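Engineer: Just passing along the structure, written as structure tokens.
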Amino acid sequence: MEDLDYQELKKGGMMRQSEKGRFSVRLHVTGGNLTSRAMGTIVHVAERFGNGGIHLTARQGIEIPNISQEDLWKVKNELSSGGVSVGVCGPTIRTITACQGCRICPYGLLDSPRLAGVIDQHFYGKPVPHKFKIGISGCANNCIKAEENDVGIKGAVEPLWDEEFCAHCGICQSVCPVKAIDADQEKKKVKIRFFQCIYCGDCIQSCPTNSMKEAQRGFLLYAGGKFGRFPSIGKRIGKLFSHDSDLIKAVGASVEFFRLNGKPKERFGGALERVGFDKFEEFLREKLEEAPDGKAA
Ligand code: SF4
Ligand code: SF4
Ligand code: SF4
4 MEDLDYQELK KGGMMRQSEK GRFSVRLHVT GGNLTSRAMG TIVHVAERFG NGGIHLTARQ
64 GIEIPNISQE DLWKVKNELS SGGVSVGVCG PTIRTITACQ GCRICPYGLL DSPRLAGVID
124 QHFYGKPVPH KFKIGISGCA NNCIKAEEND VGIKGAVEPL WDEEFCAHCG ICQSVCPVKA
184 IDADQEKKKV KIRFFQCIYC GDCIQSCPTN SMKEAQRGFL LYAGGKFGRF PSIGKRIGKL
244 FSHDSDLIKA VGASVEFFRL NGKPKERFGG ALERVGFDKF EEFLREKLEE APDGKAA
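And the structure:
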């Protein structure tokens with residue numbers, strides 16, 4: 004075990020601890036979800052090979068610390084036979100985080116764990132110039148903090164006013180959290196300013212006559228966010244995406260743009276600032292028009 008390549012081990016989720024000869028083993032968790040069988044395997048491995056401790060990471064991951072260098076491969080095999088795979092670290096696409104989404108949360112506009120699984124299958128562990136984080140919030144409440152990810156996704160619904168049965172009560176105007184609606188009771192008109200709208204759907208939920216309808220439901224995409232030493236908030240890019248396939252293309256285009264333009268140790272947001280968000284948006288538009296799908300190589 005003298006010739007261990009620590010960088011390669013780290014990329015494969017086995018991270019050297021401060022204590023010599025000990026490793027913390029990162030596991031592959033998607034959207035914060037694990038089966039009870041997987042949990043059982045993790046507990047068993049932590050007790051047999053670690054010191055019984057299990058660490059929950061800041062991004063819904065799990066690490067088993069205090070694994071001896073000699074046991075790393077045994078741990079990997081034991082985890083694998085119990086349905087758990089080892090995670091990634093280094094310059095790769097990291098854990099896809101997600102909230103509970105609409106199957107559990109009453110506010111949910113999309114099934115975040117399902118989408119996390121789809122994105123994980125396409126992108127998890129792929130190489131990029133520097134770490135790349137993707138997070139999915141099921142609605143505008145944004146529990147996963149989409150804008151703090153290199154690519155963040157938020158469930159969204161676009162409202163549409165149907166004047167036929169409108170009672171001109173003004174409720175939609177008063178519930179809108181960003182004052183994007185003007186309900187003119189005299190002129191009997193309701194106007195939505197979409198440049199202000201955050202696609203939360205509150206106006207649709209609150210309308211007593213069902214005159215504020217759902218035009219389309221989908222995802223908003225944010226690019227270039229990060230936390231850490233120099234935090235920055237991602238910017239919203241593109242339109243409201245209605246289909247998984249378009250969203251996958253958009254995430255694929257983001258990864259491709261980063262590979263083409265990013266420098267080692269530079270986060271996606273840094274590359275976007277240096278090269279220009281407008282260039283990225285142009286690249287994204289072209290990719291959305293031409294690519295058959297966004298699967299990363
Ligand atoms: S982001 Fe929305 S859907 Fe997801 S847990 Fe929070 S409130 Fe629920
Ligand atoms: S809440 Fe509904 S009924 Fe009332 S003004 Fe808005 S669209 Fe019309
Ligand atoms: S969807 Fe939300 S932000 Fe947009 S107009 Fe309706 S209430 Fe306002």
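Counting in my numbering, the sequence shown runs from 4 upward without gaps. Every residue, glycine too, gets a C-beta built ideally from N, C-alpha and C. This one's a predicted model, so the numbers in the text were calculated from it and none came from an experiment.
#1: So, at 6 Å on beta carbons, what are the nonlocal neighbours of Ser115 in its own chain, with the 5 sequence-adjacent residues on each side left out?
#2: Could you pull out every unbroken beta strand (DSSP E) segment of at least 3 residues lying fully inside the stretch 102-129, listed in chain order?
#3: Contact check, Trp202 vs Gly155 under 8 Å by CB: the rounded distance?
#4: Short check: CB of Gly90 to CB of Gly16, under 7 Å?
#5: Quick one, are the C-beta atoms of Val28 and Val78 less than 7 Å apart?
#6: Might you give, ordered along the chain, the residues of its own chain that have their beta carbon closer than 7 Å to the beta carbon of Glu81, omitting 5 neighbours on each side?
#7: For Leu223, which residues does DSSP report across the bridge?
#8: So for Asn69, helix, strand or coil by DSSP?
#9: Does the distance from the C-beta atom of Lys194 to that of Asp185 stay below 7 Å?
#10: Quick one: is the Cβ of Glu151 within less than 6 Å of any heavy atom of ligand 5?
#11: Using beta-carbon positions only, say whether Phe260 and Phe286 come within less than 7 Å of one another.
#12: What is the DSSP secondary structure of Ala186, counted as helix, strand or coil?
#13: Any heavy atom of ligand 3 within a distance shorter than 6 Å of the CB on Tyr110?
#14: Excluding sequence positions up to five away, which residues of its chain have a Cβ less than 8 Å from the Cβ of Leu30?
#15: With DSSP as the reference, identify every bridge partner of Leu2, one or two as the case may be.
#16: Which residue from Lys266, Ile207, Trp164 and Ile107 puts its Cα closest to that of Val178?
#17: Would you say Pro211 touches ligand 3, meaning its beta carbon is less than 6 Å from a heavy atom?
#18: Answer yes or no: the CB of Gly141 versus the heavy atoms of ligand 1, is any distance below 6 Å?
#19: Is DSSP giving Thr212 helix, strand or coil here?
#20: Following the continuous alpha helix (DSSP H) through Arg196, name the residue where it begins and the one where it ends.
Structural biologist: Considering the structure as presented:
#1: Taking the first residue of the sequence shown as 1, we reach residue 115 at position 112. Counting only Cβ-Cβ distances below 6 Å, and skipping sequence neighbours, we find Ala101, Cys102, Gly104, Ile139 and Gly141.
#2: none
#3: Position 199 of the sequence shown, counted from the first residue, corresponds to residue 202. Position 152 of the sequence shown, counted from the first residue, corresponds to residue 155. The sequence shown places Tyr at residue 202, not Trp. In fact, because the Cβ distance is near 14 Å, the residues do not count as touching under 8 Å.
#4: Stepping through the sequence shown from its first residue, residue 90 is reached at position 87. Stepping through the sequence shown from its first residue, residue 16 is reached at position 13. It is a contact, given that the beta carbons lie within the stated cut-off.
#5: Taking the sequence shown and counting its residues from 1, the one referred to as residue 28 is at position 25. Taking the sequence shown and counting its residues from 1, the one referred to as residue 78 is at position 75. The answer is yes: Cβ separation under 7 Å.
#6: Numbered from its first residue, the sequence shown carries residue 81 at position 78. Counting only residues of its own chain and dropping the five nearest sequence neighbours on each side, Glu81 has a CB closer than 7 Å to the CB of Val48.
#7: Reading the sequence shown from its first residue, position 220 is the one you call residue 223. Looking at the DSSP assignment, Leu223 forms a beta bridge with Lys157.
#8: By one-based count along the sequence shown, residue 69 stands at place 66. Strand, per DSSP.
#9: For this step, residue 194 is matched to residue 191 along the sequence shown. For this step, residue 185 is matched to residue 182 along the sequence shown. Contact flag set, yes.
#10: As for ligand 5, it is missing from this structure, which binds only ligand 1, ligand 2 and ligand 3.
#11: For the purposes of this step, residue 260 is taken as the residue at position 257 of the sequence shown. For the purposes of this step, residue 286 is taken as the residue at position 283 of the sequence shown. Their beta carbons are under 7 Å apart, which means Phe260 touches Phe286 by this criterion.
#12: By one-based count along the sequence shown, residue 186 stands at place 183. Residue state, collapsed to three classes: strand.
#13: As a first step, residue 110 is located in the sequence shown; it is residue number 107 there, counting from the start. Outside the cutoff, so no.
#14: Translated into positions along the sequence shown, residue 30 becomes position 27. Same-chain partners within the cutoff: Gly16, Ile45, Gly64, Ile65, Glu66, Ile67, Leu82, Val87, Ser88, Val89 and Gly90.
#15: Residue 2 falls outside the range modelled here, since the chain spans only 4 to 300, and no answer is possible.
#16: The sequence position of residue 178 within the sequence shown is 175, counting from 1. Among Lys266, Ile207, Trp164 and Ile107, the Cα nearest to that of Val178 is on Ile207.
#17: Residue numbering aside, residue 211 sits at position 208 when the sequence shown is read from its first letter. Not under cutoff, so the answer is no.
#18: As a working mapping, residue 141 is identified with position 138 in the sequence shown. Between ligand 1 and the CB of Gly141, the shortest heavy atom gap is smaller than 6 Å.
#19: Locating residue 212 in the sequence shown gives position 209, where the first residue counts as 1. Residue state, collapsed to three classes: coil.
#20: Looking up residue 196 in the sequence shown gives position 193. Arg196 -> no alpha helix (DSSP H), and no H or E assigned at all.
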